[in-house]
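In this note's numbering, the protein residues as written are 450 to 566. Note that the Cβ used here is the ideal one computed from N, Cα and C, for glycine as well. Keep in mind it's a predicted model, so treat the numbers as computed, not measured. In what follows, a single structure is set out as structure tokens and then discussed.
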């Protein structure tokens, strides 16, 4: 299962980088989203896939015993999802405004309009 998720991480990285290198702002944002999902999957894989119980200590126990899931990668992924959602929302609003003003989403055309006043 881990090898399948590692391959999927590579596919997400490749697709995300490919879309980031395109000239369209919409493809750029989609590439950033896909790359972010690849990073989240990589963090999840680094924590290890463990079939076990949640990391809760019993009332009479002093430490964890047996196999348990690591909560740190899960917390990092949850935080990354929230941050990426905010970034995506801001980028979509920014792209919408840029398209409304310039009537294009091509990055090269937007760079050429910097000289026009």
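Here the alpha carbon of residue 495 sits roughly 25 Å from the alpha carbon of residue 535.
Under the DSSP assignment, residue 490 falls in the alpha helix (DSSP H) whose first and last residues are 474 to 495.
Put simply, the backbone Cα of residue 462 is about 13 Å away from that of residue 477. A straight line joining the alpha-carbon of residue 453 with that of residue 504 spans about 26 Å. Straight-line measurement puts the Cα of residue 491 at about 10 Å from the Cα of residue 497.
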